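Residue numbers (the working numbering), protein chains in the order written: chain A, 212 to 455; chain B, 31 to 263.
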């Protein structure tokens with residue numbers, strides 16, 4: 212249970228002259244729910260995008276499931292990492308069912324029949340069994356994001372990354388997505404979640420990581436982070452987001 | 031009030047440019063020309079489409095030397111007048127032992143140029159697919175080939191339907207240049223029939239046939255564009 216599934220050591224990332232990440236050390240154990248919070252531009256998204264190599268880090272090492280990733284290495288291990296995007300990024304020319312079944316067929320080698328069976332099961336799990344034949348554009352934002360979660364789950368990944376999954380949603384749809392994520396957290400899936408939803412962080416996280424200026428400033432169990440924050444930057448951040 | 035002289039001159043305009051008898055006599059010749067024109071056009075459109083897609087992918091994703099070859103190809107063949115290329119292929123290549131039929135020469139010239147234009151259209155279409163689509167495909171672990179065939183190209187092709195249709199219309203019109211290398215296409219047959227009948231009716235008829243064939247396609251481009259605009263992406 213305590214084996215680290217993600218290990219980041221001294222990871223750095225820069226975009227030209229702008230350094231987005233400074234010497235990040237972070238390890239995530241199997242089954243752990245880690246929530247990353249912090250102000251906009253603090254490097255949260257960049258951090259998880261480095262984990263599945265949507266951004267290539269340019270310093271330090273990232274080990275996923277025992278294998279180093281990035282810098283010219285093969286992407287194979289990254290099929291063990293699922294990702295849910297802020298803007299859903301569903302494939303608009305495929306039905307919802309196809310969206311979910313595509314990965315298992317093309318990457319895991321399942322037959323379409325088996326993959327669609329799995330997709331139906333997962334869509335039912337996120338409460339969308341009756342929407343399978345529709346196209347993404349026919350769904351609400353919240354429904355689309357739940358399809359996004361089902362699509363990531365269909366690959367049976369060892370880790371699920373969430374990049375601000377509720378930030379593009381209308382307020383009334385945030386709840387349905389968070390509910391699905393909370394359900395998921397109970398099933399023992401490893402999750403790394405970047406979010407502005409402090410309620411979710413407090414309730415679901417095993418550990419909260421606070422980032423600012425491309426560094427991890429403070430981390431700990433939600434109780435500590437929210438009730439006894441030590442760093443002044445974390446204190447002023449919490450004051451700003453919790454004051455209203 | 032219409033004078034006799036005026037009535038006569040109206041009659042003679044019809045006799046000259048739309049002479050029914052000449053039209054009926056030369057129609058079989060024109061239709062055989064039309065068949066050649068359509069065969070040539072469709073061949074060039076299909077080859078240009080395939081070549082353009084390959085060129086666009088090479089230009090976007092191949093390693094440097096190969097990519098530069100694609101860029102050079104696209105630039106050169108978008109700069110050269112088709113007529114010049116056609117004459118070079120038909121009259122100059124035989125000196126190095128490459129002797130093409132007039133159909134072969136015309137199909138090559140049209141395809142080579144159409145591929146260059148299509149490549150730019152496909153590139154724009156692929157680049158118009160949102161970045162998030164590529165990222166989602168990467169995150170699933172799709173291979174580069176699957177990323178293209180399953181995710182990117184189906185979306186890019188929809189985007190490029192109007193400009194590709196436009197390009198196809200241009201190719202169809204440019205087939206008329208083949209008459210220069212003695213290819214018996216619609217225009218060539220019409221000029222021949224005109225000489226035989228000593229009457230320009232076949233030329234007028236050919237012009238009308240071109241318009242009848244191509245105008246629906248021109249309208250279709252407008253329909254596609256409107257539909258794409260309504261549906262958005």
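For glycine and all other residues, C-beta sits at the position ideal for the given N, C-alpha and C.
As the structure is a prediction and not an experimental result, all values here were calculated from the model.
Worksheet item: Taking buried to mean at least 16 other C-beta atoms within 10 Å of its own C-beta, is residue 163 of chain B buried or exposed?
Response: buried
Item to complete: Give the DSSP bridge partners of residue 272 of chain A, in chain order.
Response: A/220
Worksheet entry | Within chain B, the residues that residue 314 of chain A reaches when beta carbons sit closer than 8 Å | 170, 171, 172
Discussion item. What ranges does the beta strand (DSSP E) occupy inside the stretch 229-260 of chain A, keeping only unbroken runs of at least 3 residues that lie completely in it?
Written reply: 229-240, 244-248
Discussion item. Just to confirm the assignment, what range does the beta strand (DSSP E) spanning residue 418 of chain A have?
Written reply: 418-423
Worksheet item: Using a C-beta cutoff of 8 Å, does residue 180 of chain B count as contacting chain A?
Response: yes
Practice prompt. Consult DSSP for residue 184 of chain B and reduce its assignment to one of helix, strand or coil.
Written response: helix
Fill in: Beta-carbon contacts of residue 247 of chain B that lie in its chain and below 6 Å, excluding the five residues immediately before and after
199
Item to complete: For residue 262 of chain B, count neighbouring C-beta atoms within 10 Å of its own C-beta (all shown protein chains included) and say buried if the count is 16 or more, exposed if not.
Response: Residue placement at residue 262 of chain B cannot be trusted, given a pLDDT of 47 that sits under 50; the coordinates are not used to answer.
Worksheet item: Would a C-beta distance cut-off of 8 Å place residue 370 of chain A and residue 401 of chain A closer than the cut-off?
Response: yes
Worksheet item: What number of angstroms, rounded off, separates the C-alpha of residue 232 of chain A from the C-alpha of residue 348 of chain A?
Response: 35 Å
Fill in: One or two residues paired with residue 373 of chain A in a DSSP bridge
A/295, A/404
Worksheet item: By the 10 Å Cβ neighbour count, where 16 or more other Cβ atoms means buried, how is residue 456 of chain A classified, buried or exposed?
Response: Nothing in the structure corresponds to residue 456 of chain A, since chain A is present only between 212 and 455.
Item to complete: Under 8 Å between beta-carbons, which chain B residues line up against residue 265 of chain A? List them in chain order, please.
Response: 165, 168, 169
Item to complete: For residue 290 of chain A, decide whether its Cβ has a neighbour in chain B, counting only Cβ atoms nearer than 8 Å.
Response: yes
Worksheet item: What distance in whole Å lies between the Cβ atoms of residue 196 of chain B and residue 251 of chain B, which are believed to be in contact at a cut-off of 8 Å?
Response: 5 Å
Worksheet item: Does any residue of chain B bring its CB to less than 8 Å from the CB of residue 373 of chain A?
Response: no
Discussion item. With a threshold of 7 Å on Cβ separation, who are the neighbours of residue 363 of chain A within its own chain once the five nearest residues in sequence on each side are excluded?
Written reply: 293, 294, 295, 371
Worksheet item: Taking Cβ to Cβ, would you say residue 249 of chain A is nearer than 8 Å to residue 423 of chain A?
Response: yes
Worksheet item: Can you tell which of B/76, B/73, B/259, B/99 has the C-alpha that lies nearest to the C-alpha of residue 85 of chain B?
Response: B/99
Item to complete: Assign residue 253 of chain B to one of two classes, buried (16 or more other C-beta atoms within 10 Å of its C-beta) or exposed (fewer than that).
Response: exposed
Worksheet item: Hey, which unbroken runs of the alpha helix (DSSP H) at 4 residues or more fall wholly within the stretch 342-370 of chain A?
Response: 352-365
Worksheet item: Should residue 397 of chain A go down as buried or exposed, given a rule of 16 or more other Cβ atoms within 10 Å for buried?
Response: exposed
Discussion item. Give me the residue from A/353, A/264, A/394 with the minimum Cα distance to residue 380 of chain A.
Written reply: A/353
Worksheet item: Just curious, the beta strand (DSSP E) that residue 431 of chain A is in, first and last residue?
Response: 426-431
Item to complete: Report yes or no: is there a C-beta of chain B within less than 8 Å of the C-beta of residue 378 of chain A?
Response: no
Fill in: Sub-8 Å separation of residue 214 of chain B and residue 63 of chain B beta-carbons
yes
Worksheet entry | Same chain only: Cβ atoms within 6 Å of residue 334 of chain A, ignoring 5 sequence neighbours per side | 340, 343, 361
Worksheet item: I think residue 359 of chain A touches residue 411 of chain A, with their Cβ atoms under 8 Å apart; what is that distance to the nearest whole Å?
Response: That pair is no contact at about 16 Å.
Worksheet item: Do you know how far the Cα of residue 336 of chain A is from the Cα of residue 215 of chain A?
Response: 28 Å
Discussion item. Quick check on residue 356 of chain A: buried or exposed, where buried means 16 or more other Cβ atoms within 10 Å of its Cβ?
Written reply: buried
Worksheet entry | C-beta neighbour in chain B for residue 302 of chain A, strict 8 Å | yes
Worksheet entry | Residue range of the unbroken alpha helix (DSSP H) whose run includes residue 144 of chain B | 132-157
Worksheet item: Which whole-angstrom value is the C-beta distance of residue 60 of chain B and residue 216 of chain B, which I expect to be below 8 Å?
Response: 7 Å
Fill in: Identified DSSP bridge partners for residue 303 of chain A
BP columns for residue 303 of chain A are empty, so no partner.
Fill in: According to DSSP, residues forming a beta bridge with residue 215 of chain A
A/240
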